[in-house]
Every structure is written in structure tokens, then in C-alpha cells.
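Asks: Sequence order for the protein chains is A and B. Under the working numbering, the first residue of the first sequence carries the number 1, and numbering increases by one thereafter. Under the working numbering, the first residue of the second sequence carries the number 259, and numbering increases by one thereafter.
2 protein chains.
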Amino acid sequence: MNPPPSAPVDDAAVSNKVTREVVLATALALIDLEGVDRLSMRRLAAALGRDPMILYRHAANKAALLDGVAETVLVQLKVDPTDPDWAGQLRMVARDYRRLALAHPNVVPLLVTRPLATPLGLRPPGTLRPLEDVLKLLTDAGFSGPDALHIYRAVFGFLYGHVLNELQELIERPDEVSDLLRLGLHRLPIAEFPLLRSLAPTLAAYDGAAELERGLDILLAGLTATLTAPSAAHPPGHAADPAKRPRRPQSPRRSDSR
Amino acid sequence: MNPPPSAPVDDAAVSNKVTREVVLATALALIDLEGVDRLSMRRLAAALGRDPMILYRHAANKAALLDGVAETVLVQLKVDPTDPDWAGQLRMVARDYRRLALAHPNVVPLLVTRPLATPLGLRPPGTLRPLEDVLKLLTDAGFSGPDALHIYRAVFGFLYGHVLNELQELIERPDEVSDLLRLGLHRLPIAEFPLLRSLAPTLAAYDGAAELERGLDILLAGLTATLTAPSAAHPPGHAADPAKRPRRPQSPRRSDSR
DNA sequence: AACTGTAGCTAGACGCTGTAGACCTACAGT
DNA sequence: ACTGTAGGTCTACAGCGTCTAGCTACAGTT
């Protein structure tokens, strides 16, 4: 019955039914375009061609609406909890998360900030889906519950941090030629920030994807070394070897209620 | 004519000169107390017992004022770039950062969010001080500039992420007895989030300090393994020993420029 | 002694914000 | 015909950030 979603609702496309999805999609579009703090209920309503007050039919208040936007981005993060290659799967999730963050940089503040104000159980379910799925992935791979949680925290913690780092370095004035100028580093007193200034070319050549992979290399190697093999001290030397993964055969853990 | 208008809301001694430090300190106090979004220019001014417009004498606008608050917190992060034990020094910085974040949880959104809107060179200098100092620490230890930058990014990325993770899990209703209730996990449909619910006790028993140390163990070990000569660095495993750390007589590059 | 400059602060206003409350309309079920 | 409900609108209010103008107190100059 529904005609295709007809998403491009930017300038008052009227007469469309205003569903929650449309509201959130439009909000996301506006945020992508102008940033979070330029989004007001009235602007959003104007983009929908409606009265501001309809919005409150789909979100209790503005904060809830922003939670919804964060959720719509985060539900795109698919985890396959049946993948036997847990490390590879985590890698893919990490790449996916990075991709989402780069696609919606203006939403990242919401992504990292909103959960700080909301207890776990009250967060939008779409936000918790990846957590649950990763836990399933890891427990099925043989990790204990607490270890699975530990790995989740380590990987996603690193992921949050990486994304924030990468986005921070993205801000620049691309019209400038010299690296120093693009990054605004010329404003820094040379005497106080000699190294930072001298690293301008390196800063400008930041390769987020590679950096992410290297971090994951280290993290995953370290995690398996400390968690799965109880006695093995980590053998350093090589870093990237996504193919081999030590796996402990174990009967799949059933979902137990407490 | 008017004696100071009315009762100072906070502990503001009214007849005090309103300096930038006082403004920022009061703003920080208000944020610690009520959170960032309850801070308005008018409230802040009221806490100072003054007209809102004085604030613009010390900050160009509200965003700049928030930058100032973030800076006042961040300048407390001291790095000793002369410490020969670079890994130990990074550990201490990490612990310090975590301590600051826990002391001012409401400021953390500012800490991670504001740099996203400001190019490196335009950030408040206090914000960049730790970066420069860590770079000095690492280059003095023999790392190349790009490697130093890489290590900085890895450690601080992890640090950002860890702090966000830890603060997220802090939110709860402590009046509830059961872990499930405290975290609000009882609201989640059991069928969809079995693992998450079953891990309530583990979630509740989160030990942020230990988690940070373990992450640093992995990260620092992995970094030294991949970046320097394959000579073994300090052993991971157990963490807390801020006093002394094994030192590596490093050869490659000693850039002692000044 | 009067004049000017300036630093610190205040008063008022403007346009914008989030959202409460009343109200309207169209339609479904009884 | 009556009632309930979902969707939508209008008006209004308190609060927001910040612009402009102005006040006071004092320094230095003439």
C-alpha cells in the first residue's frame, strides 16, 4: 500500500504523511547539512512543511528526538553473530562504524554524548542491538560472558576514540595550500609548540583507515593473548594476521535467564 | 545606585572582581552541579551576581566560554616530557585523564565534542599542551615524529573511548537493589537481549581503573612491538607500578632539538 | 578646572527557542 | 447520532544568546 518512502524531503514537501521515520530521516538530513545545534524543532517542522507541534507526536521532546536520530544511524550497524570468525567480524563492525561516522560526522557528537545521559536499559533498543549481537558472537566463539563484555568494551572503546580522533583532524580549511595553514597551526607560538608545528605534514597525511586497522591489530592480538590462552605471554613481532584466530571449541552457550 | 542586585545564587562573593578565571571557575562549578545544558549565560551571570553581559568581556560567545571551561579542566593534565620512562609517563597521564573525567563527568561531553568543531590550530592552547608534551616525551625517547604521533593517537584514542565507556555505565539509579533494576535492564525484552540481561551483575561490577590498565597493557605492549626494534619492551600482565619501570636503552634517533 | 578616553558594568530589546494547552478536523466503532 | 481517537494547527509563555546603547568611575591631558 505504501508508495516508496520518497525520502528527499528537504524543502517543504507537503501532503506526505508524517511518520516517525520521515521525521527522523529529515532530522538526520538537516543535521548532516548544518550540524546538530542548527536543528530546532521549528526548522525541522518547516522542512516537513508542518506545524512544529506534530513533532511531539513522534518524540516526547527534543532530546528524545535526537536519541531517535542517533538510533537511526546506529541501526545501520549490522553484526552477524553467527560468524565463526569473531575477530574478523569485529573488524568488519569496526570498519562499518567508522564508515557511518564519516558519513554522518555531525551525528557523532550525538552518538557519543547521548548515552552519557541515559542508563543502559532506557536507551533506544537499536542502540543496544550491536552490544547484544557482539556478546552473542563472542560467547558463541567460546568466551565467557565477562570476557565477551571485556572484549566488547575494549574494541568499542577504541572505536569511539579512534572516530573522535579522526574527525577532529578532519576539520580544516581545504582552500589553503600549505599544511601549516590548512590546519591553522601557524597561529601557534613556535617556541611553545615546535614539535606539533613540525609535524604538520604528518598530521595532514592522516590515514584514518590504516590507523584503525593497526589499532585493531594490536588490540585483537593482545586480547586473544590475554584472554583465550591463559598462560601464553603474547608473542610480539608480527601484527596483522586476520586469518588465523585461536578458537576454543565449546558447546554453544545457551541463552540463560538468571 | 543599585547595590549588587540580589542574592548570589551560588557561593559567589558579590563584590569580587569578575575575572576570566572566576567566570570559568563558576561556569565549571555550575556544569559540575547541573550539567552543560542547564548552563545559560543568564544563570551563570546570576551565580556571579552580575549582569549577563559582563560574560562577553571574557569570552566572545557562549561557545568560546565552553571552550574555556574545557580548557580549565584540561590544563590540569600535566605531562612530564623529561621522564625517561615514556610508557610509565603515558600511563600516569592516562590515569590522570581518567581521574579528571570522573571528577567532572558533565564536562566530558565538552572535552570530546568541542574539538570536533575547531581546527587544531584554533583550539585553546591549554588543550594542545598535552599533545606537544607527549610528542616531546616520545621523540626524546627515540621515536620518530610520525611514530610519536601514532602512539599519541592510539593512546588518547583509547583513552577517550575508555572514559566514554566508563561514564556511560555509571548512569544508574543507585536506590535500586538488584543490578537488573539499577541499570534499567528489566525494560529490555528478554527474548531480544538475553545476554545483555544475563550480564547485569558483570555490568554492575565494572571496574574502570582495572579496565584502563589492561587496555594500556595491551596497547603499549603492542605499540612497542610494532614500532621499535623487536627488542622486548616491559612485560605486560600486571599493571600498577607507577614508581619504576624498566627502561630501554634505545639507539635509533635522539632528536634533542630545541 | 574642564575635557576626553576608557574600563567595567548595566538596561533594554530583538528574534529565536522548546513546549504546554486549547482547539480543530476526519474518520472508526458502536 | 455519539463517542473516541489520531493527526494536525494556533496561540502563548518563559527562557535563551547577544546586539546596541548607555551609565559610572576614574586616568591622563590640557
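Note that the Cβ used here is the ideal one computed from N, Cα and C, for glycine as well.
Which residues, in order along the region 391–406 of chain B, keep a beta-carbon less than 7 Å from a beta-carbon of chain A?
Replies: 393, 394, 397, 403, 404
Asks: So for residue 218 of chain A, helix, strand or coil by DSSP?
Replies: Within the first sequence, the letter at position 218 stands for residue 218 of chain A. Residue 218 of chain A: helix per DSSP, three-state reduction.
Asks: Rank B:294, B:364, B:334, B:453 by C-alpha distance to the C-alpha of residue 148 of chain A and give the top, closest one.
Replies: Taking the first sequence and counting its residues from 1, one reaches residue 148 of chain A at position 148. Per the Cα distances, B:453.
Asks: So, is residue 436 of chain B buried or exposed, given that buried needs 16 or more other C-beta atoms within 10 angstroms?
Replies: Here residue 436 of chain B refers to the residue found at position 178 when the second sequence is read from its first residue. Exposed, by the Cβ-count rule.
Asks: Give the residues of chain A in contact with residue 355 of chain B, contact being defined as C-beta atoms less than 8 Å apart.
Replies: For the purposes of this step, residue 355 of chain B is taken as the residue at position 97 of the second sequence. Within chain A, no residue comes near residue 355 of chain B; the closest Cβ sits about 11 Å away, beyond 8 Å.
Asks: If we cut at 8 Å on Cβ distances, does residue 484 of chain B have a partner in chain A?
Replies: On the second sequence, position 226 is the one that residue 484 of chain B refers to. Yes, because at least one Cβ of chain A sits closer than 8 Å to the Cβ of residue 484 of chain B.
Asks: Taking residue 61 of chain A as the query, report the chain B residues whose CB atoms sit under 7 Å from its CB, ordered along the chain.
Replies: Here residue 61 of chain A is taken as the residue at index 61 of the first sequence, counted from 1. Here the premise fails: no neighbours, minimum Cβ distance about 12 Å.
Asks: So for residue 433 of chain B, helix, strand or coil by DSSP?
Replies: The residue you call residue 433 of chain B lines up with position 175 of the second sequence. Three-state result, residue 433 of chain B: coil.
Asks: Measuring CB to CB, does residue 370 of chain B end up less than 8 Å from residue 418 of chain B?
Replies: As a first step, residue 370 of chain B is located in the second sequence; it is residue number 112 there, counting from the start. As a first step, residue 418 of chain B is located in the second sequence; it is residue number 160 there, counting from the start. Their beta carbons are under 8 Å apart, which means residue 370 of chain B touches residue 418 of chain B by this criterion.
Asks: Looking at the unbroken alpha helix (DSSP H) that takes in residue 414 of chain B, where does it start and where does it end?
Replies: Taking the first residue of the second sequence as 1, we reach residue 414 of chain B at position 156. It spans 403–428 - the alpha helix (DSSP H) in which residue 414 of chain B sits, taken as one unbroken run.
Asks: Tell me which residue opens and which closes the alpha helix (DSSP H) that residue 350 of chain B is part of.
Replies: Start at 1 with the first residue of the second sequence, and residue 350 of chain B comes out as number 92. Here the alpha helix (DSSP H) through residue 350 of chain B covers 344–361.
Asks: Given a threshold of 16 other Cβ atoms within 10 Å of its Cβ, counted over all protein chains shown, does residue 33 of chain A qualify as buried or as exposed?
Replies: Stepping through the first sequence from its first residue, residue 33 of chain A is reached at position 33. Residue 33 of chain A comes out exposed.
Asks: Look up residue 36 of chain A in the DSSP assignment and say whether it is helix, strand or coil.
Replies: Working through the first sequence from its first residue, we reach residue 36 of chain A at position 36. DSSP places residue 36 of chain A in helix when its eight states are reduced to three.
Asks: Compare the Cα-Cα distances from residue 354 of chain B to each of B:421, B:316, B:382 and report the closest residue.
Replies: On the second sequence, position 96 is the one that residue 354 of chain B refers to. Here the closest residue by C-alpha is B:421.
Asks: Alpha carbon to alpha carbon, how far is residue 331 of chain B from residue 124 of chain A? Give it in angstroms, no decimals.
Replies: Looking up residue 124 of chain A in the first sequence gives position 124. Looking up residue 331 of chain B in the second sequence gives position 73. So the two alpha carbons sit approximately 31 Å from each other.
Asks: Among residues of its own chain, excluding the 5 on either side of residue 328 of chain B, which ones have a beta-carbon nearer than 6 Å to its beta-carbon?
Replies: The sequence position of residue 328 of chain B within the second sequence is 70, counting from 1. Only 368, 369, 372 meet the Cβ criterion.
Asks: Flag residue 103 of chain A as yes if its beta-carbon sits less than 8 Å from any beta-carbon of chain B, otherwise no.
Replies: Position 103 of the first sequence holds residue 103 of chain A. So, not an interface residue.
Asks: On a CA-only basis, which of A:210, A:146, A:202, A:134 is nearest residue 156 of chain A? Give me that one, please.
Replies: Within the first sequence, the letter at position 156 stands for residue 156 of chain A. Looking only at A:210, A:146, A:202, A:134, the smallest Cα-Cα distance to residue 156 of chain A is reached by A:134.
Asks: Are the C-beta atoms of residue 221 of chain A and some chain B residue less than 8 Å apart?
Replies: Indexing the first sequence from 1 puts residue 221 of chain A at position 221. So yes, residue 221 of chain A belongs to the interface.
Asks: Between B:411, B:386, B:397, which lies nearest to residue 343 of chain B when the distance is taken from Cα to Cα?
Replies: Locating residue 343 of chain B in the second sequence gives position 85, where the first residue counts as 1. Minimum Cα distance to residue 343 of chain B is reached at B:397.
Asks: Within 8 Å of any Cβ in chain A, is that where the Cβ of residue 312 of chain B sits?
Replies: What you label residue 312 of chain B is simply residue 54 of the second sequence in a count that begins at 1. It does not: the Cβ of residue 312 of chain B has no partner Cβ on chain A nearer than 8 Å.
Asks: Verify the CB distance criterion: does residue 349 of chain B have a CB-CB separation below 8 Å to chain A?
Replies: Stepping through the second sequence from its first residue, residue 349 of chain B is reached at position 91. Judged by the 8 Å Cβ criterion, residue 349 of chain B is not in contact with chain A.
Asks: If you run the structure through DSSP and keep just helix, strand and coil, what is residue 308 of chain B?
Replies: The count along the second sequence starts at 1 and reaches residue 308 of chain B at position 50. Residue 308 of chain B falls in the coil class under three-state DSSP.
Asks: Determine, using beta carbons only, whether residue 477 of chain B and residue 416 of chain B come nearer to each other than 8 Å.
Replies: Here residue 477 of chain B corresponds to residue number 219 of the second sequence, with the count starting at 1. Here residue 416 of chain B corresponds to residue number 158 of the second sequence, with the count starting at 1. Contact flag set, yes.
Asks: What residues from chain B crowd round residue 154 of chain A, counting only those whose CB sits closer than 7 Å?
Replies: Walking along the first sequence from the start, residue 154 of chain A turns up at place 154. Here the neighbours are 473.
Asks: Using a C-beta to C-beta distance shorter than 7 Å, which residues of chain A count as neighbours of residue 469 of chain B?
Replies: Residue numbering aside, residue 469 of chain B sits at position 211 when the second sequence is read from its first letter. Chain A residues near residue 469 of chain B: 153.
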